[in-house]
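Undergrad:
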Amino acid sequence: MLVLVIVFCLVRTVRSDKEIAPLVSQCLFWLLIPLVSNMLIALSGNVEVLRFSFTVYFISSTILLYNFDMFMVKYCHFEQYKPLVGKVTQALAAIDAISIALNYVFGHTFEVSVAAGAGSNNGTPGSNIVFTSLWYHKIHLLISAVFVLIPLVMLVVRFVKSSRLYRDRYVGILIACLFSIFWESFHIFVNDTVDQSVIGISVCGIFIYIYAIEYIPSILMEEMKTTVLTTVSDGVLFFDDNRKCIYVNPAARMQLGMSTSESTRAGFEKLLALTGEDREESAQYTSKKMTCTKIEEGEEYIYDIEFHKLHDLQGKLIGSFAKIQDTTERTKRENLNKFLATHDKLTGIYNVDRFYEEVRNVLSENPDKDFYIVTSDIKDFKLINDRFGREYADKLLVRTADLFKEKVNDPLTRYGRIGSDKFGCLIEKSAFKEDTFRMAIQEVGNIGSNTVIPIIIHAGVYEIEDRKMPVSAMLDRSFIAIAGIKNDAERRIAYYEENARDEMLWSQKVTEQIDSAITTGQIVPYLQAQVSREGKVVGAEVLVRWIHPEEGFMPPGKFLSVLEKNGMIAKIDRYIWECACRILRRWSYEGRNDLYLSVNISPKDFYVMDVPAEIIGLADKYELDRGRLRLEITETIMMDDIDEKLKTIDKLREAGFIVEMDDFGSGYSSLNMLKDMPVDVLKLDMIFLKDTAYNERTKKIMSLIIDLAKSLDVPVIAEGVETVEQVDLLTKMGCDYFQGYYFARPVSLDEYEQKNLNAS
Ligand code: C2E
Ligand code: CA
Ligand code: CA
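For what it's worth, our numbering labels the leading residue of the sequence shown as 10, then goes sequentially.
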């Protein structure tokens, strides 16, 4: 029976996945052998079988004790002594086993005989066996005592040192061991042949199995559960099947505002007060999760609450529990992180990604409404940053962000910072008040009024037509509108027009290519003849042309305005002036000193270079007769720095050049100007001729201008002369020279030379 129980324990141990299981199974296995051999002793009457059984019994109990020791080392957590205990016990066990086996040779351990009349079938087996213990048997017993003493010491030490909760792990085995020792001692003392105490050892083995493999200390579990419940930060409440509160842990008391003395029963009502539910409502569900907030002394607390009903295996309600988790910190942290991930740190408004997302959402949710994308850009922001420092620049940005917050506040409006000094805004068309906005951006600019650099904020407006267009492309269009006003001192807001985009791309292309166009000879001078009243060619105006490899032949109207805006026109002008000088030089070598050339000077040239120095330098380089290079300037140069400009013109005239006032009558012309401007020739703008055919008034004005010029001794040349009637009219009025298609179109140098040089 005992053997069967041990075998059962052994099988379960082998199947167990516990770390200690192999040691337990070894103990149990080695327990089986003394048990069986002891049974043989009890049952057999044959001396040889008895001798063999005793030998096996002694050896196997030694091995059993060795395994028992090894088990105990681990069970009592004395692994640090394992090598020592292992070696000592292994050596002892080996010596003992060999010595016992050698009993067959030396007969020094025991002697066994069967008394006369004894037999296996006399009813009391073993009673007639005579077992004589010899000297080595005593040593064997001593060794066994050592083997037993080691685990006993370990058990006692562990028992004393362990927490109360763990003691029963040791005490059970300790009692079983002591019990076996007493039994064994008794067996030795009475010198009984059949060792009954092996039963005690078996019981000890079963205890080992139970404690090491099956036992989970229930008090320990209880204690742990209670400790966890009272120390966790989550609140826990238990309710019975009648929803009467039977337990509230300290955390829940805090969260629900229950004092320690307040009855547990109040837990349920307090929980309902927090969740805002009524009794009936809360009875409906079997489990629920919710988030609740509580304001206490001005502080906001956020709780995640879980509620579950509990059922037994038959499905009958046994009670319920609630778990309250304080997520205030976490939620606030998450909210902050979310805010930081979607907002601009400096201004606190949306960042690019979030702005894009908001724009897409508003557009898709409001398909029936029309929207604008408005962007703003601070002019020369980099310069402001460098000159006045980051702090000032930051302040400016914050003010600009505030501008959007205050001035374009409409439920469907969204705005964000989309670049260092660039802001974007989606606004319903009807909500956008241009004047208010213009005033607002001017207002922001005023905070920089005490600085040298004026703060100018430009805004671009794009009306969204294609809602599927990426938001970035919408913003681009709005920025293109801004790019269009950058050189216009007065304008602050511009609307995107479809061709503005093409214009911008074209202007980029021209700017990029102009240098190589000059060096590769794509930029060429064309000459248009100027004719006297007598019909004699007296000179020519030099007009630039760009013979572009892809775009083909380009008149200046196609590219000069772009270059005028960014000041690069000076490069072209300087080049054309040099071409004119070179031509004059060559003509001079060829003895053609009768023709002059007239070049254009853009008002922008005066900003980027010292025009007189440049022109004088060129004339000297080509050793020109300065009077043969005529300079055409427009009155627009007089828009600012009049004194400075007058000096410049004087300088050129004193140097010997003939200065012509170009396009007179087109723009801001005034007769007054004519009086002040020290020019040698007046070029009448072609606008007059376009008008003269049907406007008598224009004719009168033209006649007056010519008379005035005559009175000032300034010769007049009329531009854009296309018909013989015009020639007649101008001749009658007293005009001195003509330039126009009627006489000649602008032509290449070759063509001009062929026509005019050969003829003369
Ligand atoms: P602009 O100085 O007033 O030059 C006269 C313009 O009138 C030329 O146009 C010429 O081709 C055109 N024209 C001449 N006769 C007639 C005519 O009978 N009928 C009509 N409808 N037009 C006539 P273009 O060559 O296209 O030049 C346009 C403007 O570009 C010039 O006006 C001048 O302001 C500027 N420009 C041309 N070359 C240069 C240059 O090298 N430097 C600078 N700064 N400006 C230049
Ligand atoms: Ca001109
Ligand atoms: Ca002109």
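Yeah, the Cβ is synthetic: ideal placement off N, Cα and C, and Gly gets one too.
Going by the beta-carbon positions, is the gap between A490 and A498 smaller than 7 Å?
TA: no
Undergrad: Compute the minimum distance between the beta carbon of V736 and the heavy atoms of ligand 1, and state whether it is under 6 Å.
TA: no
Undergrad: Alpha carbon to alpha carbon, how far is R24 from M10?
TA: 22 Å
Undergrad: Would you decide whether V730 is buried or exposed? Buried here means 16 or more other CB atoms lie within 10 Å of its CB.
TA: The residue in question, V730, is buried, as its Cβ has 16 or more Cβ neighbours within 10 Å.
Undergrad: May I ask which residues mark the beginning and end of the beta strand (DSSP E) holding H467?
TA: 466-472
Undergrad: Counting Cβ pairs closer than 8 Å, one from the stretch 141-156 and one from the stretch 92-111, do we hit at least three?
TA: yes
Undergrad: DSSP beta-bridge partners for E120?
TA: T141
Undergrad: So what's I592 in DSSP terms, helix, strand or just coil?
TA: helix
Undergrad: What span of residues does the beta strand (DSSP E) with G548 cover, start to end?
TA: 546-557
Undergrad: Comparing C-alpha positions only, which one of E599, I523, R591, R594 sits nearest to P565?
TA: I523
Undergrad: Is E641 near ligand 2, in the sense that its beta carbon is under 6 Å from a heavy atom of that ligand?
TA: yes
Undergrad: Under the rule that 16 or more other beta-carbon atoms within 10 Å means buried, what is R426, buried or exposed?
TA: buried
Undergrad: Where does M10 fall in DSSP's three states?
TA: coil
Undergrad: Could you check what DSSP says for T422 in three-state terms: helix, strand or coil?
TA: coil
Undergrad: How about V371: is its C-beta nearer than 7 Å to some C-beta of chain D?
TA: In summary, chain D is missing from the structure at hand, where a single protein chain is found.
Undergrad: So is S373 buried or exposed if we call it buried at 16+ other beta carbons inside 10 Å?
TA: The residue in question, S373, is exposed, as its Cβ has fewer than 16 Cβ neighbours within 10 Å.
Undergrad: Can you tell me where the beta strand (DSSP E) with Q539 in it begins and where it stops?
TA: 532-541
Undergrad: Can you list the beta strand (DSSP E) stretches of 3 or more residues lying completely in the stretch 269-331, in chain order?
TA: 296-305, 308-320
Undergrad: Mapping the DSSP letters down to three states, classify Y750 as helix, strand or coil.
TA: Of the three classes helix, strand and coil, the one that applies to Y750 here is coil, per DSSP.
Undergrad: Would you mind sorting F195 into buried or exposed? The rule is 16 or more other CB atoms within 10 Å of its CB.
TA: Exposed: under 16 other Cβ atoms inside 10 Å.
Undergrad: With distance defined between alpha-carbon atoms, name the residue in I696, G626, A492, I651 nearest to F666.
TA: G626
Undergrad: Just checking V553 against ligand 1 - is the residue's beta carbon closer than 6 Å to any of the ligand's heavy atoms?
TA: yes
Undergrad: According to DSSP, simplified to helix, strand and coil, what is Q8?
TA: Any property of residue 8 remains undetermined from this structure, which presents the chain solely from 10 to 769.
Undergrad: How big is the Cα-Cα spacing for L345 and A410?
TA: 20 Å
Undergrad: Quick check on the DSSP output: what are the complete beta strand (DSSP E) runs of length 3 or more inside the stretch 473-510, in order along the chain?
TA: 502-504
Undergrad: Is any non-hydrogen atom of ligand 3 found closer than 6 Å to the C-beta of E728, if you look at the structure I gave you?
TA: Yes, the beta carbon of E728 sits closer than 6 Å to at least one heavy atom of ligand 3.
Undergrad: Do E286 and K298 have their beta-carbon atoms positioned less than 7 Å apart in this structure?
TA: no
Undergrad: From V470, T520, L536, pick the residue whose C-alpha is nearest to that of R500; which is it?
TA: A check of alpha carbon separations from R500 across V470, T520, L536 identifies V470 as the nearest.
Undergrad: Can you tell me whether G276 is buried or exposed? The criterion is at least 16 other CB atoms within 10 Å of its CB, across all chains shown.
TA: buried
Undergrad: Could you compute how far the alpha carbon of V58 sits from the alpha carbon of Y218?
TA: 32 Å
Undergrad: Below 8 Å on the Cβ atoms is my contact criterion, and I expect Y424 with I358 to pass it. Report the Cβ-Cβ distance as a whole number of Å.
TA: That pair is a contact at about 6 Å.
Undergrad: For S242, write down the residues that DSSP places opposite it in a beta bridge.
TA: For S242, which the question treats as bridged, DSSP gives no partner whatsoever.
Undergrad: Round the Cβ separation of R591 and E623 to the nearest angstrom and send it over; I've been treating them as touching at under 8 Å.
TA: Actually they do not touch by this definition, with Cβ atoms about 15 Å apart.
Undergrad: With distance defined between alpha-carbon atoms, name the residue in M742, Y90, A579, W144 nearest to F115.
TA: Here the closest residue by C-alpha is W144.
Undergrad: To which residues of the same chain is C213 closer than 8 Å at the C-beta, ignoring the five residues directly before and after it?
TA: Only I182, A185, C186, F188, S189 meet the Cβ criterion.
Undergrad: Please list the terminal residues of the continuous beta strand (DSSP E) segment that includes L640.
TA: That run of the beta strand (DSSP E) goes 638-643.
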